[in-house]
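Chains as they are written, first to last, in the numbering used here: chain A, 2 to 235; chain B, 2 to 235.
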DNA sequence: TACAAATGAGAGCATCGCTCTCTTTTGTAG
DNA sequence: CTACAAAAGAGAGCGATGCTCTCATTTGTA
């Protein structure tokens with residue numbers, strides 16, 4: 002299945018990869034909203050208008066960065082779960098740690114994915130949505146496996162769902178072919194947002210300047226509480 | 002304590018308030034990073050350089066908006082808790098709903114507070130930090146009252162804290178004069194971040210385009226789970 | 001080798017934050 | 001009531017930004 006690539010295509014791909022690399026650098030050093038096509042062109046040794054031969058607009062470059070970042074985050078999570086132990090709680094904690102570690106290592110790219118939507122920019126539905134679901138799909142997979150293995154204790158509280166939520170969850174269940182009960186899926190969504198809430202607070206500095214000397218310990222505790230919310234059998 | 006205000010001061014305050022109003026409008030319509038001093042000046046019927054008589058820089062205007070937004074959010078929470086019932090869980094849910102309602106009504110200002118830090122902008126420690134603590138102080142107050150009233154059941158899981166976290170929590174306890182045990186305070190911090198995680202996911206559209214027809218029901222469920230994490234007695 | 005496509009250069013437009021100088025308004029002190 | 005100083009606004013200008021247009025050059029290939 003080796004695609005035949007002409008020298009032209011190869012050169013184009015190299016330049017494109019270089020543009021992405023420089024854009025990633027700028028993103029990391031100056032932040033998402035300060036990403037400048039002119040600066041990328043200058044770093045590339047190219048005049049600003051020439052970069053439009055490769056990227057249609059600044060927004061398109063942002064979209065490429067978003068998709069790439071989602072992909073890298075998904076890869077980081079997959080790698081962490083690659084040869085992980087079977088216990089659901091442990092797998093959940095590994096997933097959570099992988100998200101946190103990636104976010105701390107790449108705060109600007111994390112902010113691009115989970116921070117304020119950049120002004121005027123709307124992600125084209127198709128490309129980004131699929132890439133963005135990898136983490137939650139993995140999370141749901143862990144929950145699903147635990148449920149099927151009987152490793153989830155019965156719902157401690159609030160087992161019944163309101164009708165609208167029940168319908169939404171039912172749609173998710175059919176779309177992703179899930180076997181878990183509705184209340185578990187709904188809790189999974191809540192745990193999902195709570196996980197990213199903890200990571201965002203830490204990465205975005207919401208805990209304040211001097212309140213936490215070691216946020217990782219609070220994170221570990223919170224993840225254990227979230228795991229308990231899912232009813233994972235100890 | 003009526004300050005004597007000269008006509009000059011009054012005119013200045015009026016203009017300043019007008020600048021803030023127009024800035025708030027721009028923030029809402031075009032997003033935080035697109036906030037433009039020149040556009041504010043134009044809306045005000047003033048040339049761009051004249052606005053620098055009132056605001057030293059774009060960053061200073063952003064700081065003013067941040068402080069004002071924190072203040073409004075704090076007011077919204079305080080109002081919701083004003084004549085609230087005494088049950089801790091109910092008070093917690095009221096606080097959570099107030100945060101969510103404010104965030105949905107003012108997504109751009111919410112993003113200014115809890116989204117990606119704006120590029121190059123660093124909040125001056127003094128002004129913003131104090132304003133930013135009002136919600137978590139209220140949350141801790143609810144927890145504290147419940148604990149003192151004996152309305153919190155013993156820690157279901159993970160009662161002991163790792164040493165670093167224990168030290169951080171101890172510092173918080175003395176600073177805010179809290180009586181609650183360390184594990185409860187730590188859980189409060191986790192619930193705090195989880196609450197804002199849920200709100201951010203909804204406001205920033207992280208749940209995806211078609212996954213939730215009514216996010217409020219998922220929110221209600223998640224808040225009940227978080228309340229249970231705090232051990233509030235039903 | 002000759003041609004066409006791909007690529008780059010350069011000028012230009014409207015916008016931005018911000019600084020500088022100059023003019024006008026405005027409150028107030030004498 | 002008038003004269004003056006302080007405050008406020010006007011305008012030009014600097015170095016940026018995203019993006020478009022036209023023109024020149026490079027480059028693979030037929």
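For glycine and all other residues, C-beta sits at the position ideal for the given N, C-alpha and C. Computed from a predicted model, the values in this text were never measured in an experiment.
Q: Return the bridge partner residues of residue 47(A) from the DSSP annotation.
A: None, per the DSSP bridge assignment.
Q: Take the Cβ of residue 48(A) as the centre, count every other Cβ of all protein chains shown within 10 Å, and call the residue buried at 16 or more, exposed below.
A: exposed
Q. Would the beta-carbon of residue 41(B) be found less than 7 Å away from any heavy atom of the ligand ADP?
A. Of the ligands one can find in the structure shown there are none, so the ligand ADP has no counterpart to examine.
Q) Taking C-beta to C-beta, are residue 36(B) and residue 45(B) nearer than 8 Å? A) no
Q | C-alpha gap between residue 20(A) and residue 219(A), whole angstroms | A | 39 Å
Q: Determine, using beta carbons only, whether residue 3(B) comes closer than 8 Å to chain A.
A: Per-residue confidence for residue 3(B) stands at a pLDDT of 46, beneath the threshold of 50, marking its modelled position as unreliable; the derived number appears in the next sentence. No, its Cβ sits nowhere closer than 8 Å to a Cβ of chain A.
**Q.** Neighbour list for residue 27(A) in chain B, Cβ cutoff strictly below 8 Å
**A.** Going along chain B, no residue has its Cβ under 8 Å from residue 27(A), so there is no contact; the nearest lies around 11 Å.
Q: Report all residues from its chain with a CB closer than 7 Å to the CB of residue 197(B); omit the five preceding and five following residues, and keep chain order.
A: 115
(Q) Against chain A, with Cβ distances strictly below 8 Å, would residue 264(B) count as a contact? (A) Nothing can be reported for residue 264(B), as the shown portion of chain B is limited to 2 through 235.
Q) Name the chain A residues whose beta carbon is nearer than 9 Å to that of residue 30(B)? A) In chain order: nothing, as chain A lies at least about 10 Å away.
Q: Pair every Cβ in the stretch 173 to 191 of chain B with every Cβ in the stretch 186 to 194 of chain A, then say whether three or more of these pairs are closer than 8 Å.
A: no
(Q) Which residues of the stretch 53 to 74 of chain A have a Cβ closer than 7 Å to any Cβ of chain B? Give them in chain order. (A) none
**Q.** Whole-number beta carbon distance between residue 153(B) and residue 232(B), since they are thought to touch under 8 Å
**A.** 5 Å
Q | Per-residue DSSP class, three states only, for residue 205(A) | A | coil
Q. Under a Cβ-count criterion, where at least 16 other Cβ atoms within 10 Å of its own Cβ denotes burial, should residue 3(A) be classed as buried or exposed?
A. Residue placement at residue 3(A) cannot be trusted, given a pLDDT of 46 that sits under 50; the coordinates are not used to answer.
Q) Name the DSSP beta bridge partners of residue 233(A), please? A) 153(A)
Q.
Given this structure, state the Cα-to-Cα distance separating residue 71(B) from residue 17(B), to the nearest angstrom.
A. 19 Å
Q.
Taking the beta carbon of residue 108(A) as the centre, do at least 16 other beta carbons fall within 10 Å, making it buried, or is it exposed?
A. buried
**Q.** Residue burial classification, residue 203(B) (beta-carbon count within 10 angstroms, cutoff 16)
**A.** buried
Q: Closer than 7 Å by beta-carbon distance: list the chain A residues that pair up with residue 218(B), in chain order.
A: 163, 165, 166
Q. Applying the criterion that 16 or more other CB atoms from any shown protein chain within 10 Å of the CB defines a buried residue, is residue 151(A) buried or exposed?
A. exposed
Q | Reference residue 179(A); option with closest CA among 199(A), 147(A), 63(A), 161(A) | A | 147(A)
Q) What are the boundary residues of the alpha helix (DSSP H) that residue 113(B) is part of? A) 108 to 115
Q: Determine, using beta-carbon pairs with one atom in the stretch 92 to 103 of chain A and one in the stretch 92 to 104 of chain B, whether at least three such pairs fall under 8 Å.
A: no
Q. Is the CB-CB distance between residue 24(A) and residue 41(A) below 8 Å?
A. yes
(Q) Is residue 213(B) close to chain A? Criterion is C-beta to C-beta, closer than 8 Å. (A) yes
Q: Closer than 9 Å by beta-carbon distance: list the chain A residues that pair up with residue 205(B), in chain order.
A: 115, 116, 117, 118
Q | Opening and closing residue of the alpha helix (DSSP H) in which residue 75(B) lies | A | 59 to 82
Q) Straight-line CA distance for residue 83(A) to residue 139(A)? A) 11 Å
(Q) Helix, strand or coil, according to DSSP, for residue 146(A) in the structure here? (A) helix
Q. Taking contact to mean at least 3 C-beta pairs separated by less than 8 Å, is the stretch 211 to 218 of chain A in contact with the stretch 160 to 170 of chain B?
A. yes
**Q.** Per-residue burial, residue 75(A) [other beta carbons within 10 Å of its own, 16 or more giving buried]
**A.** buried
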